[in-house]
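Take the sequence shown: its position 37, counting from 1, is numbered 128 in the numbering used here, and each next residue is one higher. Note sheet for the following structure.
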Amino acid sequence: MFLAPPPDPEKRLSLSDTFAFSCHSGLSCFNQCCRNKYLPLTPYDVLRMRKALGLHSDKFLERYAVYGLDPASGFPILSIRMDDADGRCPFLSPKGCSIYQDRPMACRLYPLGRSCRPGRNGTSSEVFFHLLDTPHCQGIKEDRVRTVAAWQEEQGLLPYLEVNDRMLGLLFHPKRDRALPLTERQQQKVLVACYNIDVFKEFIVKTGWPRSPDNGNGPLGSVMENDSALLAYGFAYLDQALFP
Ligand code: SF4
Ligand code: SF4
92 MFLAPPPDPE KRLSLSDTFA FSCHSGLSCF NQCCRNKYLP LTPYDVLRMR
142 KALGLHSDKF LERYAVYGLD PASGFPILSI RMDDADGRCP FLSPKGCSIY
192 QDRPMACRLY PLGRSCRPGR NGTSSEVFFH LLDTPHCQGI KEDRVRTVAA
242 WQEEQGLLPY LEVNDRMLGL LFHPKRDRAL PLTERQQQKV LVACYNIDVF
292 KEFIVKTGWP RSPDNGNGPL GSVMENDSAL LAYGFAYLDQ ALFP
């Protein structure tokens with residue numbers, strides 16, 4: 092999810108480009124698209140969803156996540172576990188998405204796709220949007236038109252994109268030898284610090300990491316009370332643990 096190849100030049104949309112889309116229960120396709128999909132989970136998705144469901148991150152991952160390895164980066168990647176019997180998303184209800192306020196980034200972006208080209212220091216230097224190929228979706232035939240920038244705002248995408256791009260900083264870390272896949276131990280560290288945030292919190296309590304009380308992310312006490320700050324701590328930890 093972190094890094095999809097850029098779309099063909101003629102398909103690229105900038106923030107000021109417009110597209111038509113509206114999704115509502117009056118459409119014949121309503122509730123038909125949330126099934127049989129590969130739906131990636133980013134670290135920020137997991138953080139929000141496990142909180143919305145009132146679950147420990149370990150329990151959330153056990154129930155709802157499928158693990159894989161990104162062939163391009165060797166980093167662990169997670170996706171939503173669809174129902175074995177009918178392929179439905181476990182959060183789909185007759186009225187639509189049961190976790191709508193905390194739905195994952197991919198669902199917020201839809202019907203758009205987003206890809207980044209990393210800069211030399213690992214940050215995303217170029218971002219491309221494009222319309223996904225969704226012939227079954229009636230929403231793209233609706234009249235409501237807005238810009239890509241307005242869609243980002245409307246869908247509350249900005250914090251999701253920010254964390255996603257922070258993840259890119261790890262994938263393309265200047266000290267990383269991209270020819271070498273992550274070791275199992277490194278993969279484990281990524282899983283804990285980025286996705287299993289409650290276990291990471293327990294790790295901090297147990298080990299007293301970091302040695303310095305302020306690791307550039309604020310005092311430890313306030314970090315422990317704030318999920319986003321904890322995730323920033325996780326990235327800082329991985330910076331040190333993976334690329335000392
Ligand atoms: S999380 Fe919600 S919007 Fe996303 S696929 Fe599942 S039901 Fe649909
Ligand atoms: S197919 Fe498109 S319009 Fe239909 S429910 Fe899904 S997102 Fe909405």
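For each residue, glycine too, the CB sits at the ideal point set by N, CA and C. As the structure is a computational prediction, the values presented were derived from the model and not from experiment.
Should Leu-282 be labelled buried (16 or more other beta-carbon atoms within 10 Å of its own) or exposed? If you number the sequence shown from 1, residue 282 lands on position 191. Counting Cβ neighbours within 10 Å, Leu-282 comes out buried, since at least 16 surround it.
Identify whether Met-92 lies in helix, strand or coil by the three-state DSSP scheme. The residue labelled residue 92 in the question sits at position 1 within the sequence shown. Model confidence at Met-92 stands at a pLDDT of 49, short of 50, so the residue's coordinates are unreliable; what they give is reported in the following sentence. The answer is coil: DSSP assigns Met-92 none of H, G, I, E or B.
In the DSSP assignment, the alpha helix (DSSP H) including Val-254 goes from what residue to what residue? Stepping through the sequence shown from its first residue, residue 254 is reached at position 163. Looking at the DSSP string, the run of the alpha helix (DSSP H) that includes Val-254 is 249-262.
Thinking Pro-98 and His-221 are a contact (beta carbons under 8 Å), I'd like their distance in whole angstroms, please. Against the sequence shown, residue 98 aligns to sequence position 7. Against the sequence shown, residue 221 aligns to sequence position 130. Contact flag correct, Cβ pair sits at about 4 Å.
What three-state label does DSSP hand Glu-245 in the structure shown? Residue mapping note: residue 245 aligns to position 154 of the sequence shown, counting from 1. Residue state, collapsed to three classes: helix.
From the DSSP output, in three-state form, read off Pro-304 for me. Here residue 304 refers to the residue found at position 213 when the sequence shown is read from its first residue. Residue placement at Pro-304 cannot be trusted, given a pLDDT of 48 that sits under 50; the coordinates are not used to answer.
Could you check whether the segment 115-123 touches the segment 152-162, counting it as contact only if at least three pairs of C-beta atoms, one from each stretch, sit closer than 8 Å? no
Residue interval of the beta strand (DSSP E) (run including Pro-265): The residue you call residue 265 lines up with position 174 of the sequence shown. Per DSSP, Pro-265 belongs to no beta strand (DSSP E) and is neither H nor E.
So, with DSSP's three-state summary, where would you put Ser-319? Reading the sequence shown from its first residue, position 228 is the one you call residue 319. It is helical.
Which residues have their C-beta within less than 5 Å of a heavy atom of ligand 1, listed in chain order? Cys-125, Cys-180, Phe-182, Leu-183, Cys-188, Arg-194, Cys-198
Flag Phe-121 as yes when its Cβ comes closer than 8 Å to any non-hydrogen atom of ligand 2, and as no otherwise. The residue labelled residue 121 in the question sits at position 30 within the sequence shown. Yes, since a heavy atom of ligand 2 falls inside the 8 Å radius drawn around the Cβ of Phe-121.
Option in Ala-197, Arg-205, Arg-269 with minimal Cα separation from Pro-131: Looking up residue 131 in the sequence shown gives position 40. The option with the nearest alpha carbon to Pro-131 is Ala-197.
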